[in-house]
Amino acid sequence: MAHRIARARTRILALAAAAATAVVLIPSPANAAGNGDPQNPTVKIVEPTLVARATLSADHLQPGPASGALASPANGRTGPFAGQVVPGFSAMIDNGDGTFWAQPDNGFGSKANSADFLLRNYLVRPAWETADGGSGEIEIERFISYNDADHVLDFPIVNESTPERLLTGADFDIESIVQAKDGSFWVGEEFGPFLLHFAADGTLLEKPYPLPRGAKSPQNPYLAAGEAPRVRASRGFEALAGSTSGRYLYPILEGAYVDDPDQRRREILEFDTKTGAYTDRTWSYQADQDANVVGDAFTVRNDALLLVERDDFEGDQSVTKRVYEIDLSRADREGYVEKSLVLDALRIANPDLIGAGDGYGTGEVFSLPVQSFETVVRLRDGRLLIGNDNNYPGNDARITGTPDDTEFDLIDLEKERVPSSDITVVAHRGASGYRPEHTLAAYETAITQCADFIEPDVVATKDGVLVARHENEISGTTDVASRTVFADRRTTKTIDGVTVSGWFTEDFTLAELKTLRAIERLPQLRPENTAFNGLYQVPTLDEVIDLARHSVSCQGEPIGVYPETKHPTYFDSIGLSLEEPLVAQLSANGVDDADAPVIVQSFEVANLRELDGMTEVALAQLISPSGRPYDFAVAGDPRTYADLVTPEGLAEIATYADGIGVEKGVAIPRDADGTLGDPSPVIDDAHRAGLDVHGWTFRRENAFLPAEFRSSSDPAAIGDLAGEIRVFVEAGLDGLFSDNPDVAVAAID
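Mapping the sequence shown onto numbering that gives the first Met the number 0, position 557 (from 1) lands on 556, and the numbers just tick up by one.
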């Protein structure tokens, strides 16, 4: 079990025990090795590396009339501004000569506040800052103004009566761009959503092309009275790519259709520029979470596109700022286009400290933690250019209280060799020492910290969907207690023989549960984590598996998933069996075979035996320091956990499981003074039975540490977790569960 997914670790760039940011870089899946034991002491991975950067001041103004009179004041800036604001760039084109066409969006975020913002396309030239120097400034050489001078439009625009008929942010919300071979520009926008065709000088050539099947947004000028928009506001064509031949365009909806039962689906369409019509071909892309958006697209070869997927968080709250590659000719088991991770923009190596000191995310680990990561371009030399829309003046991801600059970052996908390790690090409920547990934020943080597996505890909703929560009672891990609409759901139940009062997942549909937000379970010990209260949804098991299989470990392999079935006997008793939907989810995600990076664990025995007959993935019997499996209690079986770790008990476990997960005190008990004693025979006995041994749970706070590794009498203070881990590894553990994967990785490196 432990050796199935051996880990190789990239350079650890920062290992301060209290670090809550990413410390390890994630390689590209294109170089992922197969599952199994490592054949060499090192493996070759891709390490995304920052090689150049350039910025444009957030407060930069271009010639033109004042703008932003109705913009929302933020970060010390209040409009109107004495010229045309450049609020970042939502789309770019590489001209191959050191210049780029760079297109802002509609200005200040809405139709109502952007009538004084002129729609333009800027020709820019970055003076790159590199390891060898450079000013790092973006120069704007000239611009074209989008206009309807030929009176193509049949609805009123802001500058209706002027000769130039310059288009504004109240007319269109332009977001994406492709340049045709004749020099004209195809632009994707969001108010329609429309495809717009402009001449090289910016003049509109044709009437806007609407979405097929009559789909409209609330801002569509043709929306009839009483007509229900199928596209949400600001969820139109944020992304647009062109075929290598130049004939076809691939506009991608930023969000899901209002009436789509799968709110993670993003439709990819095909538009034929020769016929001026959409074809009947469409594809479905599945976002990591329903709130995520597709921010940009770029064609790399026939049927292969790069897509930006991002969330709406910024700074240290960010979870998803990724570039995926998709293949339009390949679909997964659920019918979505295959996607693989190319770049996680929250984890980029910066050995030359380019841009250092320029705010959050500009150290040895560089990140683009902006809300609107909206540009990816693959340059002709293979490097990636990524950039931002800064939503001026609202975003302050780099320096709190200061508007974000517009920035371009050049990324090399370099290869290097890193050492391998046989010790498995399991992120306990994610990196729960740094983010509220069982959230995609906690799991993503764990992946950045080089965990091999992420661990979701699974419970069921009223409608039978498996979600990640430590317990089915959720008042300590969500804000449900503050939701008056659910006040009448509070109840008292008996769970595994214990009376529990609160709110329970099985009394909520998934849709209801998704309205809640996670909170920190241990606020007294982890007060820093409370800063993230109220931000993140409760993820489904499917979302956790998707995140894992679309991520990459530090040796270039898929991240493993280590689900625990919680209270399976109880859930069986209320008609919400956990085993069947769990196996179904593994199958749907293509991770249901013996080589899959999956280990299913349980404190009960009967359901593991049942799962042994239902799936080929690895199984682990959990061992508590006291008591007995609840299914034993129900069946009248007198055996305890202590009986399960005798040589005879371990031999029996080996008939249905691949390993055991033991509370760390079972492996090395503590003496009366709270220090570690001598190792028990459990590890050696388990190995003789052919079982791997993983220990739980390793946490850095003094409250959880043996006496000799505590830093003080303060239970919330940080002690020497690495020291404790080394003792257990020396005793023979094959793997360990930790709330602090970065510390665990450093301890065994």
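Note that the Cβ used here is the ideal one computed from N, Cα and C, for glycine as well.
When secondary structure is reduced to three states using DSSP, residue 402 falls in the coil class, being assigned neither helix nor strand.
About 28 Å separates the beta carbon of residue 415 from that of residue 387, a gap too long to meet the 8 Å contact definition.
Apart from sequence neighbours up to five positions away, the residues of its chain that approach residue 247 with a beta-carbon distance below 8 Å are 241, 269, 270, 271, 272, 278, ordered along the chain. Residue 144: member of the beta strand (DSSP E) spanning 136-144, first to last residue. Under the three-state reduction of DSSP output, residue 610 falls in the helix class. 8 Å or more divides the Cβ of residue 313 from the Cβ of residue 260. Counting along the chain, residue 600 sits inside the beta strand (DSSP E) bounded by residues 598-601. Contact between residue 345 and residue 447 holds, since their C-beta atoms are separated by about 7 Å, short of 8 Å.
Excluding five sequence positions before and after residue 545, the CB atoms of its chain that fall closer than 8 Å to its own CB belong to 285, 287, 588, given in chain order.
Put simply, the region 574-586 does not touch the region 469-486. Fewer than three CB pairs are less than 8 Å apart.
DSSP places residue 192 in the coil class of the three-state scheme, outside both helix and strand.
As summarised for the region 397-461, the continuous alpha helix (DSSP H) elements at least 4 residues long and confined to that stretch are 439-447, given in chain order. Burial of residue 515 is indicated by the presence of at least 16 other C-beta atoms within 10 angstroms of its C-beta. In the structure shown, residue 297 adopts extended strand secondary structure according to DSSP, grouped into three states. Within its own chain, the residues whose Cβ lies closer than 6 Å to the Cβ of residue 658, once the five positions on either side in sequence are excluded, are 0, 619, 690, 691, listed in chain order. Here residue 307 is buried: its Cβ has 16 or more other Cβ atoms, across all protein chains shown, within 10 Å. The DSSP-derived three-state label of residue 221 is coil. Short of 6 Å from the beta carbon of residue 73, and not among the five residues preceding or following it, lie these beta carbons of its own chain, in chain order: 392, 393.
Ranked by how close their Cα comes to the Cα of residue 95, the residues 102, 105, 482, 122 have 122 in first place. Beta-bridge partners of residue 247 (DSSP): 271. Sequence-distant Cβ neighbours of residue 299 in its own chain, meaning closer than 8 Å and more than five residues away, are 305, 324, 377. Judged by DSSP secondary structure, residue 121 falls within the beta strand (DSSP E) whose first and last residues are 119-126. A direct Cα-Cα distance of roughly 29 Å separates residue 282 from residue 109. Residue 664 sits in a helix when the DSSP states are folded into three classes.
Annotation for residue 667: 675, 676, 677, 678, 679, 726, 727, 730 place their beta carbon closer than 8 Å to its own, counting only its chain and skipping 5 residues before and after. Distances from the CA of residue 65 to each of 740, 665, 115 were compared; the closest alpha carbon is that of 115. Nearest Cα to residue 491 within the set 228, 350, 504, 61: 504. The C-beta of residue 443 has 16 or more other C-beta atoms within 10 Å across all chains shown, which makes the residue buried. Taking C-beta separations shorter than 7 Å and ignoring five residues to either side along the sequence, the partners of residue 638 in its chain run 627, 631, following chain order.
In this structure, the alpha-carbon of residue 435 lies about 22 Å from that of residue 499. Annotation: residue 261 is outside any alpha helix (DSSP H) and is labelled neither H nor E by DSSP. Under the DSSP assignment, residue 584 falls in the alpha helix (DSSP H) whose first and last residues are 578-587.
Close CB contacts of residue 166 within its chain, under the 7 Å cut and outside five residues either way in sequence, are with 118, 145, 146, 147, 156 (chain order).
For residue 693, the enclosing beta strand (DSSP E) stretches over residues 691-697. For the options 465, 563, 349, 566, the alpha carbon positioned closest to that of residue 46 is the one of 349.
With respect to the 8 Å criterion, residue 58 and residue 175 are not classified as neighbours on the basis of their beta carbons.
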